[in-house]
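S.K.: Here it is: the structure, laid out below.
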Amino acid sequence: MQQPDDVPRGTLGTVRNATLLLDLLSQGPPYQQLTDLAERSSLSLPTVHRLLRSLAAAGLVEQDPISLRYGLGGELVRLAERYLARLPVFRAISPYLVELRNATKATLLAAVLVRGWTVYIDRVDGDDPGGIFREPARMRPAFETAAGRLLSARSLDAAWEDALASATNGDHFTVSDRRRWAKAPYLVIVEEPHDLAEIAVPVISADGTALASLVAVGSADTYSEEVLVEQVAPRLTRAAAAVARAVSHG
């Protein structure tokens, strides 16, 4: 099997290796040693050092002046905010979150699928004390969330494989699971360890692409599956359809 250092020394190989380092820096401790990054990436020390210096010059990576370890740079935050500001579904979905939160009293979130992970791009906290706002993470492995299951099931095979690779809880999902989720108008998950219940509804474009998902979350005591299906799902479904229309109209 080809190792990263075997990639041709052209632009493609450089970008691929730089992306690999950024991904490794996003895992583990905030700042990491050069030698550890070289070992984990299977790249040579000179290659890693050269790439990190280039990334640091661009603000994508920063080096701690005392420990000399490397971490992700603040420029990534600016780029992420610029990306969201230009994301059509983000602009279309945000106005509905407050309305849905007021109607359901649950915590409302907007989620997208990124390389096997559910990434929450917006949220409005609800009144219920068990809302997801009590969990600081803004991204989770796709299969651990209702939104991630729906979006990955409706995506291309590569996205489904990414979701399988990101699974951390030992669950094994099959083609039949994918087919079932791909046809589902909504999905409910009750997280027993956290006593949380969530329901997700996909935002589907005119061509059948799953753009994002609307999610409502609250305590399982307040939001039983019956409540989520009968009272929350219809509201999310109407909002998701409106978002899809707004995106299609530009």
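Position 104 of the sequence shown, counting from 1, maps to 93 under my numbering, and the rest follow consecutively.
For each residue, glycine too, the CB sits at the ideal point set by N, CA and C.
The model shown is predicted, which means the values in this text are computed figures rather than measured ones.
Between His238 and chain C, is any beta-carbon pair separated by less than 8 Å?
M.R.: This model lacks chain C altogether; it includes just one protein chain.
S.K.: Can you tell me which of Val177, Thr226, Gln52 and Arg80 puts its alpha carbon nearest to the alpha carbon of Glu133?
M.R.: Of the candidates Val177, Thr226, Gln52 and Arg80, the one whose C-alpha sits nearest the C-alpha of Glu133 is Val177.
S.K.: Which whole-angstrom value is the C-beta distance of Ser165 and Ala152, which I expect to be below 8 Å?
M.R.: Not really, about 15 Å apart at Cβ, beyond 8 Å.
S.K.: Going by DSSP, what residues sit across from Ala99 in a beta bridge?
M.R.: Bridge partners of Ala99: Asp111 and Leu203.
S.K.: Would you call the CB atoms of Val113 and Leu97 closer than 8 Å?
M.R.: Taking 8 Å as the Cβ cut-off, Val113 and Leu97 qualify as a contacting pair.
S.K.: Mark Ser33 as exposed unless 16 or more other C-beta atoms lie within 10 angstroms of its C-beta, in which case mark it buried.
M.R.: It counts as exposed.
S.K.: Use the C-beta contact count for Pro174: other C-beta atoms within 10 angstroms, 16 or more gives buried, fewer gives exposed.
M.R.: With fewer than 16 other Cβ atoms within 10 Å, it is exposed.
S.K.: Does the Cβ-Cβ distance between Asp111 and Ile82 come in under 8 Å?
M.R.: A contact, by the Cβ cut-off of 8 Å.
S.K.: Let me confirm a value: Gly137 is counted as buried when at least 16 other C-beta atoms fall within 10 Å, else exposed. Which label applies?
M.R.: It is buried - the Cβ of Gly137 has at least 16 other Cβ atoms within 10 Å.
S.K.: Which value, in whole angstroms, describes the spacing of the CA atoms of Ala46 and Leu40?
M.R.: Spanning the two alpha carbons is a distance of roughly 10 Å.
S.K.: Rounded to whole angstroms, what's the CA-CA distance from Arg67 to Leu49? Just pull it up for me.
M.R.: Cα-Cα distance, rounded: 10 Å.
S.K.: Please tell me whether Ala69 and Tyr212 are closer than 8 Å, where the distance is taken between their beta carbons.
M.R.: Not in contact: Ala69 and Tyr212 (Cβ atoms no closer than 8 Å).
S.K.: Give the single residue among Thr8, Glu180, Tyr59 and Asn6 whose Cα lies nearest to the Cα of Thr24.
M.R.: Of the candidates Thr8, Glu180, Tyr59 and Asn6, the one whose C-alpha sits nearest the C-alpha of Thr24 is Tyr59.
S.K.: Distance check for Val4 and Glu88, CA to CA, integer angstroms please.
M.R.: Looking at the two C-alpha atoms, the distance is approximately 42 Å.
S.K.: Short of 6 Å in beta carbon distance, which residues of its chain neighbour Leu61, apart from the five on each side in sequence? Order them along the chain.
M.R.: Around Leu61: Leu14.
S.K.: To the nearest angstrom, how far is it from the Cα of Ala235 to the Cα of Gly105?
M.R.: Each residue's Cα considered, the two are about 26 Å apart.
S.K.: Name the DSSP bridge partner or partners of Ser208?
M.R.: DSSP, once it has assigned bridges, lists Leu185 as partnering Ser208.
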